[in-house]
Ligand SMILES: Cc1cc2nc3c(=O)[nH]c(=O)nc-3n(C[C@H](O)[C@H](O)[C@H](O)COP(=O)(O)OP(=O)(O)OC[C@H]3O[C@@H](n4cnc5c(N)ncnc54)[C@H](O)[C@@H]3O)c2cc1C
Ligand SMILES: NC(=O)c1ccc[n+]([C@@H]2O[C@H](COP(=O)([O-])OP(=O)(O)OC[C@H]3O[C@@H](n4cnc5c(N)ncnc54)[C@H](OP(=O)(O)O)[C@@H]3O)[C@@H](O)[C@H]2O)c1
C-alpha cells in the first residue's frame with residue numbers, strides 16, 4: 159500500500175465526536191460506495207483505517223467519521239483541523255456500489271451511524287434515480303444530534319418524490335417519525351408503513367451498511383421475508399458492508 163500526503167481543507171462538526179473531513183489529495187477514480195484507507199502517525203508508526211468516501215469524483219474526497227472513545231485512529235482524526243496533514247492511499251476499494259445492485263423496482267438503503275456514508279455518495283452522484291422507481295434511506299442513530307447530512311437529505315427528498323428519507327432514533331423520542339432499531343421496525347411493519355412500500359423479494363433490493371450486529375439483526379428480519387444475500391453468481395436481494 160502506498161500512501162500520499164493529504165491536507166484537511168474543510169471540516170464540518172455535526173455533534174461532538176461526529177464530523178466530516180474534506181481533503182486536498184490526489185485520488186484514483188472511484189465509484190460512490192467505495193472506500194479509501196486514511197493513515198495517521200501514532201508514536202512514529204503509520205496506522206491506517208478504511209473510510210467510505212461521501213463525495214463524488216468531481217469533488218475533493220470527503221469522509222464522514224465518528225470518533226470512537228478509546229479507538230486508535232478515529233480520535234486522532236477528530237483532532238485534525240483545516241490545514242492539518244494526514245496520509246491517504248489513493249486507490250479506492252470495495253464492491254458496495256450501486257452498479258453491483260441487480261435490477262429492482264425499489265432500492266432500500268439501510269445505515270447505522272456513519273454507515274450512511276456510501277449512500278450520501280450514491281445520492282449525490284444520482285444514477286440510482288435512473289435505475290429504481292423508489293429509493294428509501296433508513297438511517298438508525300441513537301439521538302437526533304447524530305443525524306449527519308440531515309438537511310441535505312431532506313432537500314433531496316423535497317426535490318425528488320421517488321426518494322424517502324426515514325431516520326429512526328433509538329435513544330430519543332419525538333424528534334423523528336420513526337423510533338426503534340431497524341430490525342424491530344421491519345418486524346412490526348412500521349418501516350413499510352412510513353415508506354408506503356412493501357419490502358419483498360419481488361420488488362426490493364436492500365443495501366445495509368454499518369454496525370455488524372445491526373447487519374445481522376436486519377439480515378435476519380429480512381430473511382424472514384424471503385430475501386437472501388446477493389451474489390453475482392447467485393442473485394439475491396441483500397447487499398451488505400460491515401464497518402468492523
Ligand atoms: C469498508 C469500511 C468502511 C468504513 N467506513 C467508515 C466511515 O466512513 N466512517 C467511519 O466512522 N468509520 C468507518 N469505518 C470504520 C473505520 O475503519 C474504523 O474502524 C473506525 O474509525 C475505528 O477506528 P479506531 O482505530 O478509532 O478504533 P479501533 O481501536 O480500531 O476500535 C475499533 C472498534 O470501534 C468500533 N467502531 C469502528 N467503526 C465504527 C463506526 N463507524 N461506528 C461505530 N463504532 C465503530 C467497533 O466497536 C470496533 O470494534 C469503515 C470500516 C470499513 C471496514
Ligand atoms: N454518533 C455520534 O455522534 C457519536 C459521537 C461521539 C461518540 N460516539 C461514540 O461512537 C461509538 C459508536 O456510536 P454510534 O451511535 O455512532 O454507532 P452504533 O453504536 O453502531 O449505533 C448506531 C445505531 O445502530 C443501532 N444498533 C446497534 N446495534 C444494533 C443491533 N444489534 N441491531 C439493530 N440496530 C443496532 C443503534 O441502536 P441502539 O441505540 O439501540 O444501540 C443506533 O441506532 C459509541 O462508542 C459512541 O459513544 C458517537
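Numbering (our numbering), first residue to last: 159 to 402. Positions of the beta carbon are idealized from the N, C-alpha and C atoms, including for glycine. Bear in mind that the values here come from a model prediction, so they are computed numbers and not experimental data.
Checklist entry - So which residues touch the region around ligand 1, with touch meaning a C-beta under 5 Å from any heavy atom? => result With 5 Å as the limit, the residues whose C-beta approaches any heavy atom of ligand 1 more closely are 193, 207, 208, 209, 210, 223, 224, 226, 229, 230, 231, 232, 271, 272, 275, 401, 402, in sequence along the chain.
Next on the checklist: For a test of your reading of the model: does the CB of residue 341 fall under 7 Å from any non-hydrogen atom of ligand 2? Yes or no.
Outcome noted: For ligand 2, at least one heavy atom lies less than 7 Å from the Cβ of residue 341.
Item to check | Counted within 10 angstroms of its Cβ, other Cβ atoms place residue 313 as buried (16 or more) or exposed | outcome: Classification for residue 313: exposed.
Item to check | Segment contact flag, the segment 251 to 266 with the segment 166 to 180, C-beta cutoff 8 Å, min 3 pairs | outcome: Counting C-beta pairs with one atom in each stretch, the segment 251 to 266 and the segment 166 to 180 have fewer than three that are closer than 8 Å, which means they do not touch.
Item to check | Outcome for residue 191 when other beta-carbon atoms lying within 10 angstroms are tallied against a minimum of 16 | outcome: Sixteen is the threshold: when 16 or more other Cβ atoms of the shown chains lie within 10 Å of the Cβ of residue 191, as they do, the residue is buried.
Checklist entry - Whose CA, out of 299, 306, 278, 280, lies closest to the CA of residue 337? => result Taking each of 299, 306, 278, 280 in turn and checking the Cα distance to residue 337, the smallest one comes out for 299.
Checklist entry - Which of helix, strand or coil does DSSP assign to residue 198? => result When DSSP states are grouped into helix, strand and coil, residue 198 belongs to the strand group.
Checklist entry - With a Cβ-Cβ cutoff of 8 Å, do residue 230 and residue 203 count as a contact? => result No, the Cβ-Cβ distance between residue 230 and residue 203 is not below 8 Å.
Checklist entry - CB residue 181 to CB residue 197, shorter than 8 Å? => result Contact flag unset, no.
Next on the checklist: For the pair the segment 337 to 348 and the segment 373 to 384, tell me if three or more CB-CB distances fall below 8 Å.
Outcome noted: Three or more Cβ pairs closer than 8 Å define a contact, and the segment 337 to 348 meets that threshold against the segment 373 to 384.
Checklist entry - Under the criterion of a Cβ to heavy atom distance below 7 Å, does residue 372 qualify as lining ligand 2? => result Flag set: Cβ of residue 372 near ligand 2.
Checklist entry - Does the segment 386 to 397 come close enough to the segment 288 to 304 that 3 or more CB-CB pairs lie under 8 Å? => result Under the Cβ criterion (8 Å, minimum of three pairs), the segment 288 to 304 does not count as touching the segment 386 to 397.
Item to check | Paired residues, beta bridge with residue 375 - DSSP | outcome: For residue 375, DSSP assigns no beta-bridge partner whatsoever.
Checklist entry - Enumerated in chain order, which unbroken segments of the alpha helix (DSSP H) with a length of 4 residues or greater are wholly contained in the segment 188 to 267? => result Listed in chain order, the alpha helix (DSSP H) runs fully inside the segment 188 to 267 are 232 to 236, counting runs of at least 4 residues.
Item to check | For residue 368, the three-state DSSP class (helix, strand or coil) | outcome: DSSP places residue 368 within a strand segment (E or B) once states are collapsed to three.
Checklist entry - Thinking just about the alpha-carbon of each residue, which of 394, 366, 212, 391 is nearest to the one in residue 267? => result For the residues 394, 366, 212, 391, the minimum Cα distance to residue 267 belongs to 366.
Item to check | residue 346 CB to nearest heavy atom of ligand 2 below 7 Å | outcome: Distances taken from the Cβ of residue 346 to the heavy atoms of ligand 2 include none shorter than 7 Å.
Checklist entry - Terminal residues of the continuous alpha helix (DSSP H) containing residue 309? => result 308 to 317 is the extent of the alpha helix (DSSP H) around residue 309.
Item to check | Candidates 215, 211, 271, of which the one nearest residue 172 by Cα | outcome: Among 215, 211, 271, the Cα nearest to that of residue 172 is on 271.
Checklist entry - Can the beta-carbon of residue 220 be found closer than 8 Å to that of residue 211? => result A Cβ-Cβ contact shorter than 8 Å links residue 220 with residue 211.
Checklist entry - Who are the Cβ neighbours of residue 175 in its own chain at under 7 Å, not counting the five residues just before and after it? => result Only 224, 225, 236 meet the Cβ criterion.
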